[in-house]
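Asker: Top to bottom, those sequences are chains A and B.
All residue numbers for the first sequence refer to this note's numbering, where the first residue is 10 and numbers rise by one.
All residue numbers for the second sequence refer to this note's numbering, where the first residue is 10 and numbers rise by one.
Number of protein chains: 2
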Amino acid sequence: MVKRRTQPNNVSHPAEQAFRAFVRTWGLFRNTMEPYFASFGISGAQWGVLRLLMRSEQEGARSLRLTEIGERLLVRPPSVTGLIDRLERMGLVARKPSRVDRRATEICLTPQGRRLAKRVHRRHGHQIRSVMSTFTIAETRQLHDLMLRMAAHLEKLEQTRPGHEAQR
Amino acid sequence: MVKRRTQPNNVSHPAEQAFRAFVRTWGLFRNTMEPYFASFGISGAQWGVLRLLMRSEQEGARSLRLTEIGERLLVRPPSVTGLIDRLERMGLVARKPSRVDRRATEICLTPQGRRLAKRVHRRHGHQIRSVMSTFTIAETRQLHDLMLRMAAHLEKLEQTRPGHEAQR
DNA sequence: ACCATTTAGTTAGGAACCTAACCTTCTTGT
DNA sequence: ACAAGAAGGTTAGGTTCCTAACTAAATGGT
Numbered sequence: 010m011v012k013r014r015t016q017p018n019n020v021s022h023p024a025e026q027a028f029r030a031f032v033r034t035w036g037l038f039r040n041t042m043e044p045y046f047a048s049f050g051i052s053g054a055q056w057g058v059l060r061l062l063m064r065s066e067q068e069g070a071r072s073l074r075l076t077e078i079g080e081r082l083l084v085r086p087p088s089v090t091g092l093i094d095r096l097e098r099m100g101l102v103a104r105k106p107s108r109v110d111r112r113a114t115e116i117c118l119t120p121q122g123r124r125l126a127k128r129v130h131r132r133h134g135h136q137i138r139s140v141m142s143t144f145t146i147a148e149t150r151q152l153h154d155l156m157l158r159m160a161a162h163l164e165k166l167e168q169t170r171p172g173h174e175a176q177r
Numbered sequence: 010m011v012k013r014r015t016q017p018n019n020v021s022h023p024a025e026q027a028f029r030a031f032v033r034t035w036g037l038f039r040n041t042m043e044p045y046f047a048s049f050g051i052s053g054a055q056w057g058v059l060r061l062l063m064r065s066e067q068e069g070a071r072s073l074r075l076t077e078i079g080e081r082l083l084v085r086p087p088s089v090t091g092l093i094d095r096l097e098r099m100g101l102v103a104r105k106p107s108r109v110d111r112r113a114t115e116i117c118l119t120p121q122g123r124r125l126a127k128r129v130h131r132r133h134g135h136q137i138r139s140v141m142s143t144f145t146i147a148e149t150r151q152l153h154d155l156m157l158r159m160a161a162h163l164e165k166l167e168q169t170r171p172g173h174e175a176q177r
């Protein structure tokens, strides 16, 4: 019985420690953010959509397609369908058929959705700075840099993953 | 109409940039890890449970309570119930009533669950190092440190949050 | 001793993800 | 021109999370 490539018990590779810390921190982050969004009557994912629509309005685009929303939020089409269904039922968002492509649906904010998005946006900077307030500016930039690098790496991994032909 | 505490359009605070990068990276991370776990026929959450049980076996404790599992995985009791239900149905885990506390249930690995956990564990180091392979060792340690600090901060925030009496 | 509270776990119902399979409509190769 | 394939979106069914409300057992104060 040969022991190979195995760390001594309880002493793991630095990569594994960082990996676990990342997972755990995400859990705590989620547990912090969801109640915050709930205080506005929405979820984190819903804020993602509202924010995206608000942004694209500011850039002159009045609406987005489901597919575009999914790509930007890293979520697959069926999830977007459900997300938009609920936002539409809440009166925050509206679907309208695209003129140029009869398969496509355009999503835009309703006036009520726009008001809510602005209300959240006004408080959001506060919330973010509160969550990030343990870090100095230098550390914040370090984190930003590490996250961008990791994201780029994961995107590259995804492209080279087997069984990855036509999807996404 | 006074503009206060608002960043010029599209140029956000460093904290906000890091925050967004963290969220986006998590999305990519999830999209990488879930298919990996799926190749073993389990989910990330299920691996969390199997790993915890494997660890506690190594430390001499043959079983864990639902509540303990939930605390360690940062998940609430009803989620643990469902998670264990499915693992039990898959034959990877078994429930048995505690002798010392008739309210409590002890969860332990079945032989099949133990075999699977070991099989995943053998590949897991590889997978982790592949995900983290963009980082130098120094950067990995930096990430680890930042994550631990952020986790500690979020735990502190949680304790000072209003409406937080007897839960968790 | 006994009643009130706390703790362990479950159930019910809802949101956010996923894959697989499907219908339409657009695009493209011949 | 037209059939094959790609692309936009939905439906079906499953997992993982949540809160609220519940049962049963343990604990603790008087």
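Ideal Cβ placement from N, Cα and C applies to all residues, glycine included.
Rounded to whole angstroms, what is the Cα-Cα separation between GLY36(B) and ASP94(B)?
Answerer: C-alpha separation (whole angstroms): 27 Å.
Asker: List, in chain order, every chain B residue whose beta-carbon is nearer than 7 Å to that of PHE46(A).
Answerer: Within chain B, no residue comes near PHE46(A); the closest Cβ sits about 12 Å away, beyond 7 Å.
Asker: For ALA161(B), count neighbouring Cβ atoms within 10 angstroms of its own Cβ and tell me buried if that reaches 16, exposed if not.
Answerer: Answer is exposed; the Cβ neighbour count stays below 16.
Asker: Please list the residues of the stretch 19-45 of chain A that have a C-beta atom closer than 7 Å to any C-beta atom in chain B, keeping them in chain order.
Answerer: The residues in question are HIS22, PRO23, ALA24, GLU25, GLN26, ALA27, PHE28, ALA30, PHE31, ARG33, THR34, TRP35, GLY36, LEU37, PHE38, ASN40 and THR41.
Asker: Under the DSSP definition of a beta bridge, which residues are partnered with ILE116(A)?
Answerer: Bridge partners of ILE116(A): LEU73(A) and ARG104(A).
Asker: Is it a yes or a no for the stretch 98-111 of chain A touching the stretch 43-51 of chain B, going by three-plus beta-carbon pairs under 8 Å?
Answerer: No, they do not touch.
Asker: How many whole angstroms separate the CB atoms of ARG158(A) and THR41(B), which I take to be in contact at a CB cut-off of 8 Å?
Answerer: That pair is no contact at about 15 Å.
Asker: Listing by chain order, which chain A residues have their CB less than 7 Å from the CB of ARG150(B)?
Answerer: Per Cβ cutoff of 7 Å: PRO23.
Asker: Hey, could you find the ends of the alpha helix (DSSP H) ASP94(B) is sitting in?
Answerer: It spans 86-98 - the alpha helix (DSSP H) in which ASP94(B) sits, taken as one unbroken run.
Asker: Which stretch, first to last residue, makes up the alpha helix (DSSP H) that contains GLY36(A)?
Answerer: Unbroken alpha helix (DSSP H) run through GLY36(A): 23-47.
Asker: From the DSSP output, in three-state form, read off GLU148(B) for me.
Answerer: Three-state DSSP puts GLU148(B) in a helix.
Asker: With a cut-off of 8 Å on the beta carbons, I'd call SER24(B) and THR169(A) a contact; round off their distance for me.
Answerer: For clarity, residue 24(B) is Ala in the given sequence; the question names Ser instead. About 33 Å separates the two Cβ atoms, so there is no contact after all.
Asker: Which value, in whole angstroms, describes the spacing of the CA atoms of GLY122(B) and PHE46(A)?
Answerer: Taking the straight line joining both Cα atoms gives about 38 Å.
Asker: Is the CB-CB distance between VAL109(B) and ILE78(B) below 8 Å?
Answerer: No; because the gap between Cβ atoms is not below 8 Å, this pair is not in contact.
Asker: Report whether the distance from the Cβ of LEU59(A) to the nearest heavy atom of the ligand ZN is below 7 Å.
Answerer: Within the structure as shown, the ligand ZN is missing, as the structure has no ligands at all.
Asker: What residues of chain B sit near ILE137(A), judged by a beta carbon separation below 8 Å?
Answerer: Going along chain B in sequence order, the residues near ILE137(A) (Cβ under 8 Å) are HIS22, ALA24, GLU25 and PHE28.
Asker: Taking the C-alpha atoms as reference points, what is the distance between LEU92(B) and ALA70(A)?
Answerer: Looking at the two C-alpha atoms, the distance is approximately 43 Å.
Asker: So with CB distances below 9 Å, who are the chain B contacts of ALA126(A)?
Answerer: In chain order: nothing, as chain B lies at least about 15 Å away.
Asker: Can you name the residues of chain A whose CB is closer than 8 Å to the CB of GLU164(B)?
Answerer: Near GLU164(B) (Cβ distances below 8 Å), the residues of chain A are LEU37.
Asker: Ordered along the chain, which non-local residues of its own chain (more than five positions away) have a Cβ less than 8 Å from that of LEU96(A)?
Answerer: Cβ within range, chain order: GLN55, VAL58, LEU59, VAL102 and GLY122.
Asker: Sort LEU166(A), SER139(A) and LEU163(A) by Cα distance to ALA27(B) and report the nearest one.
Answerer: Comparing Cα-Cα distances from ALA27(B) to each of LEU166(A), SER139(A) and LEU163(A), the minimum goes to SER139(A).
Asker: Return the CA-CA distance between PRO87(A) and ARG74(A), expressed in angstroms with no decimal places.
Answerer: One C-alpha to the other measures close to 13 Å.
Asker: Looking only at its own chain, which residues have a Cβ that is under 8 Å from the Cβ of ARG33(B), when we skip the five neighbours before and after it?
Answerer: Counting only Cβ-Cβ distances below 8 Å, and skipping sequence neighbours, we find nothing.
Asker: CB-CB under 8 Å to GLU43(B), same chain, minus the five flanking residues each way: which ones, in chain order?
Answerer: Around GLU43(B): SER52 and GLY53.
Asker: Any beta-carbon of chain B closer than 8 Å to the one on LEU61(A)?
Answerer: So, not an interface residue.
Asker: Using only alpha-carbon positions, find the residue among ILE137(A), LYS165(A), GLU66(A) and SER107(A) that is nearest to THR76(A).
Answerer: Nearest C-alpha to THR76(A): SER107(A).
Asker: Going along the chain, which residues of the stretch 55-82 of chain B sit with their C-beta nearer than 7 Å to a C-beta in chain A?
Answerer: Per Cβ criterion, the list reads GLN67.
Asker: Give me the Cα-Cα distance between HIS133(B) and ARG131(A), rounded to the nearest whole angstrom.
Answerer: Cα to Cα, the separation comes out at about 43 Å.
Asker: Beta-carbon separation of HIS153(B) and ALA126(A) under 8 Å?
Answerer: In this structure, ALA126(A) does not lie closer than 8 Å to HIS153(B) by Cβ.
Asker: LEU157(A) touches chain B at which residues, Cβ-Cβ below 7 Å?
Answerer: In chain order: ALA30.
Asker: Give me the Cα-Cα distance between GLU68(B) and ILE116(B), rounded to the nearest whole angstrom.
Answerer: The straight-line gap from Cα to Cα measures roughly 15 Å.
Asker: Short of 7 Å in beta carbon distance, which residues of its chain neighbour SER72(B), apart from the five on each side in sequence? Order them along the chain.
Answerer: GLU115, ILE116 and CYS117, listed in sequence order.
Asker: Going along chain A, which residues have a C-beta under 7 Å from MET4(B)?
Answerer: As displayed, chain B neither begins before 10 nor continues past 177, which places residue 4(B) out of reach and without an answer.
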